[in-house]
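Chain order of the listed sequences is A, B, C and D.
Take 155 as the starting number for the first sequence in the numbering used here and just add one per residue.
Take 155 as the starting number for the second sequence in the numbering used here and just add one per residue.
Take 101 as the starting number for the third sequence in the numbering used here and just add one per residue.
Take 101 as the starting number for the fourth sequence in the numbering used here and just add one per residue.
Glycine residues also receive a C-beta, built at the ideal position from the N, C-alpha and C atoms.
Keep in mind the model is a prediction, meaning the values are calculated, not measured.
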Amino acid sequence: MQFTPEHEELRRTWRTVIERDINPHMDEWEKEGIFPAHEVFKKLGNAGLLGVDKPVEFGGAGLDFSYTMVSAEELGLVNGGSVPMAVGVQMAMATPALARFGSDEVRKEFLAPSISGDYVACLGVSEVGAGSDVASIKTTARRDGGDYVINGGKMWTTNGTQADWMCLLANTSDDAVHTNKTLICLPMKTKGVQIARKLDKLGMRASDTAQIFFDDVRVPVRNRIGEEGMGFIYQMKQFQEERLWACAGSLKGCERTINATIEYTRQRKIFGKPILDNQVVHFKLAELLTEVEALRSLTYRACEDYLAGQDVTMLASMGKLIAGRLRRTVSDSCLQYWGGMGYMTESPVSRAFRDGRLGSIGGGADEVMLTIISKLMGTLPRPERN
Amino acid sequence: MQFTPEHEELRRTWRTVIERDINPHMDEWEKEGIFPAHEVFKKLGNAGLLGVDKPVEFGGAGLDFSYTMVSAEELGLVNGGSVPMAVGVQMAMATPALARFGSDEVRKEFLAPSISGDYVACLGVSEVGAGSDVASIKTTARRDGGDYVINGGKMWTTNGTQADWMCLLANTSDDAVHTNKTLICLPMKTKGVQIARKLDKLGMRASDTAQIFFDDVRVPVRNRIGEEGMGFIYQMKQFQEERLWACAGSLKGCERTINATIEYTRQRKIFGKPILDNQVVHFKLAELLTEVEALRSLTYRACEDYLAGQDVTMLASMGKLIAGRLRRTVSDSCLQYWGGMGYMTESPVSRAFRDGRLGSIGGGADEVMLTIISKLMGTLPRPERN
Amino acid sequence: MQFTQEHEEIRRTTRAIIERDVNPYVDEWEKNDIFPAHQVFKKFGEAGLLGISKPVEFGGMGLDYSYSMVMAEELGTIGCGGVPMAIGVQTDMATPALARFGSDAVRKEFLAPSIAGDYVACLGVSEVGAGSDVASIKTTAKRVGDDYVINGGKMWTTNGTQADWICLLANTGDGQAHRNKTLICVPMKTKGVQIARKLDKLGMRSSDTAQIFFDEVKVPVKNRIGEEGMGFVYQMQQFQEERMWGAASSLKGMEKIIDHTIEYTRQRKIFGKPILDNQVVHFKLAELKAEIEALRSLIYRACEEYINGNDVTMLASMAKLKGGRLMRQVADSCLQYWGGMGYMTESPVSRAFRDTRLMSIGGGADEVMLQIISKMMGTLPRLENK
Amino acid sequence: MQFTQEHEEIRRTTRAIIERDVNPYVDEWEKNDIFPAHQVFKKFGEAGLLGISKPVEFGGMGLDYSYSMVMAEELGTIGCGGVPMAIGVQTDMATPALARFGSDAVRKEFLAPSIAGDYVACLGVSEVGAGSDVASIKTTAKRVGDDYVINGGKMWTTNGTQADWICLLANTGDGQAHRNKTLICVPMKTKGVQIARKLDKLGMRSSDTAQIFFDEVKVPVKNRIGEEGMGFVYQMQQFQEERMWGAASSLKGMEKIIDHTIEYTRQRKIFGKPILDNQVVHFKLAELKAEIEALRSLIYRACEEYINGNDVTMLASMAKLKGGRLMRQVADSCLQYWGGMGYMTESPVSRAFRDTRLMSIGGGADEVMLQIISKMMGTLPRLENK
């Protein structure tokens, strides 16, 4: 994968905005348990960062997915996982299907303002009974005249308490679980949408996660994304980009932790020499960076294949699996060398430890990735057996 | 667990015999792919080492199982895993059931000479289709007048090509798989017993492993051990001791490898200093020894509980699991620090690497131990599910 | 190690108090970032549990260390890591040296009320520049007439904001770093003792950790524990019990996490079957349980040796090392199977994940244990002088 | 990295020769502890595969390194590790420096026939006292008139007993260790070259490894490769390709093991179902596959950078490190699921287990890679001078 000056330019822009408008406020946002999504997204929108790979006619830059990857990578420079995750929802999780399959009308209404940073989007897929098991969601959207009437609820919804609209996956019929689902753009202000609670999390504390209920919520049928019944397929496609985002998003975060650890252990002395001078320390850091580079290589390769129009479900799932585990390994290993300071809330490594633990759970747990890979390897038990 | 002077005395005797009669010949036996079991066992028998926990009336020392454990531990000092394994079969795998449930007559005929070292015993449980899955063996012993007529075959039989008799597990009826099995003492010279082939193994090269066929083999019914149909139960009991033996047998073998590595890496220099002076090396060795001591503690504790009459299936299975993995970790980690020399057949660590790999496979693979532990934890899926 | 009725009695009493006076309030204390040490300690004190192996003449039970160990084990049933740690500081970190070497006067003044539960104790060893590297502490206690005048500061002090007195390690001379230190009992109310700040931690939220400054703090020389200059030696001995205690108190905590996980994954279904029915899940839990039993065995064995008067520095350090590693592995592995719920602050496993991370750092980091073990193995670089 | 038709062509040709002229004979060669290098190399030479990225004027194809890499990848389909390694020595370890810096005369004499497959080459760098520590070699080449007179010895020399010439690294001066070395082409028939012994190895049995002595060996100065004193530098560059080659050649070998294991565990039943149906088995295989793809991506990326003229020391060392680790993990994990059969010499997985163990040792041990990576990360102790 060869990067162009445009990629470099995009990286620079991200770094500028991150240094100026995000990092100085992270500690405060972490303490408050939420970050001002509208304010931040507007700044990103003004810089043209939210729609790099979205159609020009709706305010996007119309570039290919490699620019989205570069964006995800640079977001790793934010000193906390919350904001990158929220931006990821906006750019790579809630909007790809809309951008690709939405009508001009619905894209004008929901995509354009999400690209300009006026709207905050969230994704409504996971439910209490159905996290990784998407096919088994229970929320329904019953057709009634020109409307869908929505009932049910969503769980683990990132940006949920601040979002202006939700990319909702709901059952619009009783057909087979893979052909009865539809994606619908749902304005969060709509009557009947109730934010049940803001969830208190181990990490990602500056990101708001909501549980949401729907009680006879009415939205016009034209809010539908693409065809009825295609929701599951669209979402699966959307997941590919979500996973590639997760891979790219892990790289610089891990490197940030490694570099912060190098810096800290170099100035911190024990038994008369810098902690970093211990061979177990610098060798361990070398191992970790090796794994980061392997993941980066896999990510770039998957991105290249994706741009070449190939199905990258296998590589993307492998990357997501490796990324989730690597973030845990890196933050846990590095924290060790910070000693007591690593256990303090103020240290960046303790935040990385808390934030990084989500990687193996969110966006399809490790075990889901393993199941997908096994399936593609043709090694899953024949249905009847399990 | 507190050891007595008797234990110490036993350890000393083992060490003497090992240093005098075994270690000087190991390299030669490894090259020949077999060791002279009769000759070696006779020496052990003369020293009274083969029947430490066996009844006095048949030549045993009548001591408790802790003395068998001590024997297994000291056997770790043999510079190769083959002989300890062969001795283990004789002392803790093929004879416990016989000693406990056999009639005086059958004990006089098979146990006494096995204790004196005149007979070499082997265990006939595993079959081509049934390694870890004991219940599913196919070999049958049909009752015909005063005889059992045996047909079928056994696989992975240690000592198989040299044994005078086999402690055979066979189906004596078509009842439920757990109540249709019987243990029978089978003289290997009997007509119809055919040693199909001597297996060529990755390691344990001085130990002979045979595949054996039975074609209408006749043995008198009085050769039966205990009651008919109790074979599976007896064998399960026998497995407890086999596993405790495996735990104890791993300890000094691992320590031998660690110590040899300390010695080698201390005199061998790289980049101007002893390899051992590298922190990654001595810290790794410290980690390994820590795990060895944990295993030793578990082994002693299990032995104590066993002597106190408790069921130690759980602890023994846990120990076996940990032991198998630890032998792999220790030999693989240590080999690394020997550099090219570690890859040479002549180096003790390369033998440990080959021999040690059997631990996680033989005598119930890791996965069997995990299944047993899961079962005792009550976490296995309800039958109908799998 | 065979347990007696008295051991069972200690276990029962400990559990009763935990069920009645601790667990019902833990969530609240965790939220408050502190627990009422005086109130809680009084309950344990009244039951005599704060002086199990302390001399009878000062209110202790005068039992051997195995009784302290079983109490430590039971403390693992407390719903968080902070409270057990606070109790451990009181019973096994700040008072062993005092009990063993203190004059009757000083023991009457500080030990007796600590055993009774009227006083809360803390340990003053770690400093900003000297965590694991005890020899390099900078706090001084200058002799002026019949007083020591103390200047300097301590860091990472558990119980620090609530303690009535601190078992302080200070330099009373300029001699060799291992012979110039003295342990002194310092009332926290003394003029010049200033609690600089309460530290905000990744976990162990219900336990208060303080940074403390000493500015011309005057205490009578008679507050000294044992001889002047022996502080380092006393502290090293004190560490033995601290390490065994730390490892012992981790056992039931880990088992609790596993039990919770079994419970949760059994009722929670994914892809139509209980999560627990996934072989990777119940096998992983079996593996963790096996390692826990190995650790338990190691601790019991160390305790036995300790009671028999042997030096258990090696075994205790091994237990501490393995304990720290295992706790992280257990918490991280189990959290995975809770999915999103495991990432919620309300779930016990997410608290365990935060709390357990401390053990590989506090009370001598893993690397310090490795250093000690390497030293006793004689594998440290010969030229270096540690 | 996008592959072309030419790449596919190279893959096809390589596989064709392997299927026809190599794999049918591998078992026999493994048994003989040697393979007929001249015969086999001639086949590859005739197809032009021994000079893929070598200059056209000496019989090479003059293609970029990506073509050598795909060949290395295909060599992984050979049924053992010994033969690929021998070919790698010929194409990527003993000849790169010669091809790049050698005079036309010396290239005509040694490179051309090596590309044609008439000559077998070996590399003379490692010595008894200097394996990974290249700078400390002791072999000398003293200038006497127009000759170099060589004295000393080499160790671990692959192809050593069959080679026609050796690419020898020797000290031609007493200067600084990095500037006193020279690469010289030495015909093995030269008087004074003595093959001390053929080494007996844990694996790689079909490849011959020799210890070689040089006693007053005279070779004309014109046999020198490039400039005198530049040997160390040339060799370091040569190592780049050796490392990428080593990692690339490991990929398909690992995939082959996994495929064999899938095949075997699918048809082999235990407890009534295929071993493969156990979730721990197919999940483990999925995990290994993911790591293999990460490694492949890392190698492709390194290759791309290398072709673009960038220094890939860091990426190549990372690939070598990860490759060595992963091969051990793959072989060890897969062997486990073969049960007793995996321990049999006849099973492909047991051969893989023995062969793969070398990669973490040969061509720069893992620790050397870690040292290099640490150095490039700038984390090595500042005072030490490595």
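Practice task
Would you list the residues sitting across from C:T258 in a DSSP beta bridge?
Solution key: Paired residue(s): C:T309.
Practice task
Note down, in chain order, every chain C residue with its Cβ under 9 Å from the Cβ of A:G517.
Solution key: Within chain C, no residue comes near A:G517; the closest Cβ sits about 11 Å away, beyond 9 Å.
Problem - Coarse secondary structure for C:P374, derived from DSSP in three states - result: It is a strand residue.
Practice task
Determine the chain C residues that contact B:I476 at a beta-carbon separation under 8 Å, and present them in chain order.
Solution key: Simply A390, E391 and A394.
Exercise for the section: Could you check the C-alpha separation between A:L469 and D:R425 for me, to the nearest Å? Expected result: Straight through space, the alpha carbons of D:R425 and A:L469 are spaced by roughly 21 Å.
Exercise for the section: Below 6 Å CB to CB, which residues in the same chain sit around B:G493 once its five sequence neighbours on both sides are set aside? Expected result: Within the same chain, B:G493 has no close Cβ partners at all.
Handout entry: Contact with chain A by D:A386, beta-carbon distance below 7 Å
Key = Chain A contact via Cβ: present.
Handout entry: CB contact below 7 Å: A:F437 versus chain E
Key = The structure shown has no chain E; the protein chains it does contain are A, B, C and D.
Practice task
Could you work out which residue in B:G403, B:Y460 and B:D207 is closest to B:R124 when comparing CA atoms only?
Solution key: Lying before the first or after the last residue shown, residue 124 of chain B is absent from chain B, which here runs from 155 to 540.
Exercise for the section: In the DSSP assignment, find the alpha helix (DSSP H) that holds B:I269 and state where it starts and stops. Expected result: Its alpha helix (DSSP H) spans residues A266 to S270.
Exercise for the section: Could you say if the stretch 291-302 of chain C and the stretch 312-323 of chain C meet the contact criterion of at least three C-beta pairs nearer than 8 Å? Expected result: Yes, since at least three Cβ pairs between the stretch 291-302 of chain C and the stretch 312-323 of chain C fall closer than 8 Å, the two stretches touch.
Practice task
Just tell me which of D:H138, D:M171 and D:S166 has its CA closest to the CA of D:A221.
Solution key: Here the closest residue by C-alpha is D:H138.
Problem - Beta bridge counterpart(s) of D:D247 as assigned by DSSP - result: DSSP lists D:V244 and D:P320 as partners of D:D247.
Practice task
Measure the CB-CB distance between A:K176 and A:V241 and report whether it falls below 7 Å.
Solution key: Checking the sequence shown, residue 176 of chain A turns out to be Ile, not Lys. In this structure, A:V241 does not lie closer than 7 Å to A:I176 by Cβ.
Practice task
Determine, using beta carbons only, whether C:T113 and C:A147 come nearer to each other than 7 Å.
Solution key: Taking 7 Å as the cut-off, the Cβ atoms of C:T113 and C:A147 count as close.
Practice task
Examine chain C for any beta-carbon lying closer than 7 Å to the beta-carbon of B:S451, and answer yes or no.
Solution key: Contact with chain C is found for B:S451, since one of that chain's Cβ atoms lies less than 7 Å from the residue's Cβ.
Exercise for the section: Check whether the Cβ atoms of D:T257 and D:A310 sit closer than 7 Å, and answer yes or no. Expected result: Yes, they are a contact pair.
Exercise for the section: Assuming C:A431 and C:Q335 form a contact by the criterion Cβ under 8 Å, report the distance between their Cβ atoms to the nearest whole angstrom. Expected result: About 30 Å; that fails the 8 Å criterion.
Handout entry: Chain-order list of residues whose beta-carbon lies under 7 Å from that of A:L323 (same chain, five-residue window excluded)
Key = Same-chain partners within the cutoff: G278, V279, I291, K335, L337, G385 and Q389.
Exercise for the section: With C:R297 as the anchor, note down where its beta strand (DSSP E) starts and where it stops. Expected result: It spans V293 to K298 - the beta strand (DSSP E) in which C:R297 sits, taken as one unbroken run.
Practice task
Starting from the N-terminal side, write out each stretch of the alpha helix (DSSP H) that is 4 residues or longer and does not extend beyond the stretch 253-318 of chain A.
Solution key: The qualifying runs are 266-270.
Practice task
Output the boundary residues of the beta strand (DSSP E) element that contains B:T363.
Solution key: If you look at B:T363, you'll find it in the beta strand (DSSP E) that goes T363 to P374.
Problem - B:M498 in three-state terms, based on DSSP - result: Of the three classes helix, strand and coil, the one that applies to B:M498 here is strand, per DSSP.
Exercise for the section: Check the Cβ-Cβ distances between C:F103 and every residue of chain B, and say whether any is below 7 Å. Expected result: So no, C:F103 is outside the interface.
Problem - Validate contact between the stretch 294-312 of chain A and the stretch 256-267 of chain A using beta carbons, cut 8 Å, 3 pairs - result: Contact fails: fewer than three Cβ-Cβ distances are below 8 Å.
Problem - Contacts around A:A506, its chain only, beta-carbon distance under 6 Å, and the 5 residues preceding and following it disregarded - result: These residues qualify, in order along the chain: T411 and S485.
Problem - D:N123, DSSP secondary structure in three states - result: Helix.
Exercise for the section: Could you name the residues of the same chain whose beta carbon sits closer than 8 Å to that of C:N132, not counting the 5 residues immediately before and after it, in chain order? Expected result: Excluding sequence neighbours, C:N132 sits near S306.
Handout entry: For D:M476 and A:E409, the rounded distance between their alpha carbons
Key = Taking the straight line joining both Cα atoms gives about 15 Å.
Handout entry: Nonlocal neighbours in the same chain, by C-beta distance under 6 Å from D:A452, ignoring five residues either side
Key = For D:A452, where only same-chain residues beyond five positions count, the Cβ hits under 6 Å are I357 and A431.
Handout entry: Within 7 Å of chain B by C-beta, residues of the stretch 298-314 of chain D in sequence order
Key = Flagged, chain order: L299, D300, K301 and L302.
Handout entry: D:G253 versus B:C401: straight-line alpha-carbon distance, rounded
Key = Straight-line Cα distance between these residues: approximately 45 Å.
Handout entry: Assigned exposure category for C:K322 - 16 Cβ within 10 Å defines buried
Key = It counts as exposed.
Practice task
Please state whether DSSP places C:V53 in a helix, a strand or coil.
Solution key: Nothing can be reported for residue 53 of chain C, as the shown portion of chain C is limited to 101 through 486.
Problem - CA nearest to the CA of D:K352, picked from D:M101, D:L150, D:M169 and D:V468 - result: When only C-alpha atoms are compared, the closest one is D:M169.
Exercise for the section: Can you check DSSP and say which residues form a bridge with A:L323? Expected result: A:L337, per the DSSP bridge assignment.
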